[in-house]
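Reviewing the structure listed below.
Residue numbers (full-length UniProt numbering): 1 to 459.
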C-alpha cells in the first residue's frame, strides 16, 4: 500500500481524498496556489506545498511543479481528483517515468478515451451501441456536409478533444451547418488547442445516464449502477440522482452489462464512467467515457455503501476487485451548490462568505472546503459545496433535500441554493419526467422578498 499520496487538486475533492487517505492510514500532501493558501485542504493535509500563483496554468496545471512537490515530499502516488490534470495523458505518462503511481487511467487509456472519435470506434468494436454518425474525424466542410446528409438532420457537431459543452453545436438544417462548423472549430481550437471535429445524429430530448465502473489490474471490471445527470445547463450538470426514475430493471441490466463489456474490452484500470444518451423508447447510445472520478460520485457511495475514492486507491495499489456488480439499495440526490447568481443568468459570485450554516441530520452529507470567513477566489470553478441526501425512496429523498436546502445558509455571496429549492418543487422534476432539455423550459421565479423565500421553505 502507498505510504504517502499527493493530491494534485484543490477544494472539496482534495479534502475528500485527504479524508479517505487518513482513514486508510496513508500520509497526504496538499498542493495549492497562492489564492488557495487558506483553503481547508491545505490545513487538513499532513504536508502542503505551494506550487505557484493563482492562475491554473501556473499552478494546478503546471506538471513540473507538481512532480517536484511529489519528489521533495517523497510521495509515492498522486491522486488527480477531477478536472485539471485528471484526464491528461502526458501527466499520467510523466508520473510513470518518475516512478510515481498515477491513481487513474494509463496514458494510453486516457488518450484513447479522451479522443471522442477514437473512443466511439473502440466502443463499436466492443459491441456497445453508439449514436449513428461520422466514421472518425471529419477532414473538411465538404465531408461534413455529406455526412450530415447521410446521418440526417438534426445533427450534433462535436470536438474530438471536447468537454464541458465546448466545441459542440446542434444543427437542425443544412443552411446553418457552415456557421456551426466554423464556430465549433474555433471554440475547440481556443479551448483545447485542437479543432478536429466529428458528427453524431442528434438524439432529441434524451436522458443523460452514466454507469459507474471500476476495473482492476487483472482486466476484471464491475459496475456500481447508474446516475441520472439529465438536469443540465449548457451541458453542465446541476443535480444528479441514483437510481434514475426513468430506469427499469431490464434497462439497468443491459446498460450495466454494456459498460462492463466496454471496460473489460479496453482492460480499464481504476474508477471510470461510461456515459450514455437514452431516448424516450429506452434505447441507449454510448456518448463518452470519463477516465476519472466524477464530481457526482458521492451519490453512488451512499446507495451502494462503498467509498469510491478508497476503491480507486486499492485498485491502484494492485488489489483485485471482487467482480460483483452493485445495485442501489437506497435513493440519493446531489445538488451542486455554486457561488453563482441564478437570478442573473448564473453569473459567478466570488467573494467572502460572511455566514455559513451547513445542514445536518440523518441521511444528509455535505462535501465542501469552505467556511465562514473563507474568500472564494475568482480563478476557478464556482462550485463551493455538494449537498447529498439519501433516503429509502425518491419521494423521501426529495423531501429530505427540501429540508436540507432550507437549513443551508450562505451569506456574503450569491449561490444556487434558491434554484435548487424551486427545482425540488417543480412538478416535472418531482414526477421524474425530465430530459436534458429540462432547463430550457424551467422558469426560475424571483422571490419578491426574503419572507416569500422563507414561506416557500415552509410549504
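Note that CB positions come from ideal geometry on N, CA and C, so glycine has one too.
Status (buried if at least 16 other CB within 10 Å, exposed otherwise) for residue 460: Given that the chain is displayed from residue 1 to residue 459, the structure contains no residue 460 and the question cannot be resolved.
For residue 275, which of 382, 269, 217 and 296 has the nearest alpha-carbon? Counted from its first residue, the chain shown places residue 275 at position 275. Of 382, 269, 217 and 296, the residue nearest in Cα terms is 296.
Outcome for residue 190 when other beta-carbon atoms lying within 10 angstroms are tallied against a minimum of 16: Residue 190 sits at position 190 when you count from the first residue of the chain shown. Flag for residue 190 reads exposed.
Report the option in 398, 386, 444 and 260 whose CA atom is closest to the CA atom of residue 345. In the chain shown, residue 345 corresponds to position 345, counting from 1. Out of 398, 386, 444 and 260, 444 has the C-alpha closest to the C-alpha of residue 345.
In terms of DSSP beta bridges, what is residue 348 paired with? Within the chain shown, numbered from 1, the residue matching residue 348 stands at position 348. Residue 348 pairs with 340.
Nearest to residue 407 (by Cα), restricted to the options 430, 358, 285 and 73: Working through the chain shown from its first residue, we reach residue 407 at position 407. That would be 358, whose Cα lies nearest to the Cα of residue 407.
Is the beta carbon of residue 217 sitting closer than 8 Å to the one on residue 269? Position 217 of the chain shown, counted from the start, is the residue given in the question as residue 217. Position 269 of the chain shown, counted from the start, is the residue given in the question as residue 269. In this structure, residue 269 lies closer than 8 Å to residue 217 by Cβ.
Between which two residues does the beta strand (DSSP E) holding residue 15 run? Position 15 of the chain shown, counted from the first residue, corresponds to residue 15. Per DSSP, residue 15 is not a residue of any beta strand (DSSP E); the alpha helix (DSSP H) it occupies stretches across 11 to 23.
Segment limits, alpha helix (DSSP H) that includes residue 78: For this step, residue 78 is matched to residue 78 along the chain shown. Careful: residue 78 lies outside any alpha helix (DSSP H), inside the beta strand (DSSP E) at 77 to 79.
If the criterion is Cβ atoms closer than 8 Å, does the pair residue 76 and residue 103 meet it? Within the chain shown, numbered from 1, the residue matching residue 76 stands at position 76. Within the chain shown, numbered from 1, the residue matching residue 103 stands at position 103. Against a cut-off of 8 Å, the Cβ pair of residue 103 and residue 76 comes out as no contact.
CA nearest to the CA of residue 261, picked from 410, 439 and 213: Position 261 of the chain shown, counting from 1, holds the residue named residue 261. Minimum Cα distance to residue 261 is reached at 213.
Among all the DSSP beta bridges, which residues are the ones paired with residue 475? Given that the chain is displayed from residue 1 to residue 459, the structure contains no residue 475 and the question cannot be resolved.
Alpha helix (DSSP H) segment containing residue 114, residue limits: The residue you call residue 114 lines up with position 114 of the chain shown. Counting along the chain, the alpha helix (DSSP H) containing residue 114 begins and ends at 107 to 114.
When you compare the CB positions of residue 153 and residue 171, do they come within less than 8 Å of one another, or not? Taking the first residue of the chain shown as 1, we reach residue 153 at position 153. Taking the first residue of the chain shown as 1, we reach residue 171 at position 171. Cβ distance < 8 Å, so residue 153 and residue 171 count as in contact.
Unbroken beta strand (DSSP E) run spanning residue 368, endpoints: Working through the chain shown from its first residue, we reach residue 368 at position 368. Residue 368 -> beta strand (DSSP E) spans 364 to 368.
DSSP-derived helix/strand/coil call for residue 431: On the chain shown, residue 431 is found 431 positions in, with the first residue counted as 1. Note: residue 431 maps to helix in three-state DSSP.
Verify whether the separation of the beta carbon atoms of residue 113 and residue 119 is less than 8 Å. The residue you call residue 113 lines up with position 113 of the chain shown. The residue you call residue 119 lines up with position 119 of the chain shown. The Cβ atoms of residue 113 and residue 119 sit closer than 8 Å to each other.
Nearest candidate by alpha-carbon position, reference residue 421, set 398, 440 and 433: What you label residue 421 is simply residue 421 of the chain shown in a count that begins at 1. Of 398, 440 and 433, the residue nearest in Cα terms is 398.
Close Cβ partners of residue 259 (< 7 Å) along its chain, the five nearest in sequence each way excluded: Position 259 of the chain shown holds residue 259. So the list reads 211, 213, 223 and 274, once near-sequence residues are dropped.
Among the residues of its own chain, which have a CB less than 6 Å from the CB of residue 293, if the five just before and after it don't count? Within the chain shown, numbered from 1, the residue matching residue 293 stands at position 293. Spatial neighbours of residue 293 in its own chain (CB-CB distance under 6 Å, excluding positions within 5 residues in sequence) are listed in chain order as 82 and 271.
Give the straight-line distance between the Cα atoms of residue 41 and residue 155, rounded to the nearest whole angstrom. By 1-based counting over the chain shown, the position of residue 41 is 41. By 1-based counting over the chain shown, the position of residue 155 is 155. One C-alpha to the other measures close to 43 Å.
Anticipated Cβ contact below 8 Å, residue 461 with residue 73, distance rounded: This structure cannot settle anything about residue 461, because the visible part of the chain is limited to 1 through 459.
Quick one: grab the DSSP three-state call for residue 442. On the chain shown, position 442 is the one that residue 442 refers to. The answer is coil: DSSP assigns residue 442 none of H, G, I, E or B.
Assign residue 459 to one of two classes, buried (16 or more other C-beta atoms within 10 Å of its C-beta) or exposed (fewer than that). On the chain shown, position 459 is the one that residue 459 refers to. Caution is warranted here: a pLDDT of 45 is assigned to residue 459, below 50, making its placement in the model unreliable, and the coordinate value is therefore given only provisionally. So residue 459 ends up on the exposed side.
Who are the near neighbours of residue 133 in its chain, counting only those whose CB is closer than 7 Å to its CB and skipping five residues on each side? For the purposes of this step, residue 133 is taken as the residue at position 133 of the chain shown. Within the same chain, residue 133 has close Cβ partners 151, 198, 199, 200 and 201.
Helix, strand or coil at residue 260 [DSSP, three-state]: As a working mapping, residue 260 is identified with position 260 in the chain shown. DSSP places residue 260 within a helical segment (H, G or I) once states are collapsed to three.
Less than 8 Å between the CB atoms is what I'm expecting for residue 286 and residue 255, so what's the real figure, rounded? Here residue 286 refers to the residue found at position 286 of the chain shown. Here residue 255 refers to the residue found at position 255 of the chain shown. At roughly 10 Å, the Cβ-Cβ gap does not stay under 8 Å, so residue 286 and residue 255 are not in contact.
What are the partner residues of residue 155, as DSSP defines its beta bridges? Position 155 of the chain shown, counted from the start, is the residue given in the question as residue 155. Among the bridge pairs identified by DSSP, residue 155 is matched with 171 and 201.
I'd like to check one pair, residue 388 with residue 365: are the Cβ atoms closer than 8 Å? Mapped onto the chain shown, residue 365 falls at position 365. Mapped onto the chain shown, residue 388 falls at position 388. Yes; because the gap between Cβ atoms is below 8 Å, this pair is in contact.
Quick check on the DSSP output: the beta strand (DSSP E) that includes residue 383 runs from which residue to which? Here the question's residue 383 lines up with position 383 in the chain shown. Note, residue 383: beta strand (DSSP E), 383 to 391.
Measure the Cβ-Cβ separation of residue 8 and residue 64 and say whether it is below 8 Å. Translated into the one-based positions of the chain shown, residue 8 becomes position 8. Translated into the one-based positions of the chain shown, residue 64 becomes position 64. No, they are not a contact pair.
Using 10 angstroms around the beta-carbon of residue 1, count the other beta-carbons present and answer buried if the total reaches 16, otherwise exposed. To locate residue 1, count along the chain shown from 1; it is residue 1. Classification for residue 1: exposed.
Spatially closest choice to residue 111 from 160, 131 and 303, by CA coordinates: On the chain shown, position 111 is the one that residue 111 refers to. Taking only the C-alpha atoms, the option nearest residue 111 is 160.
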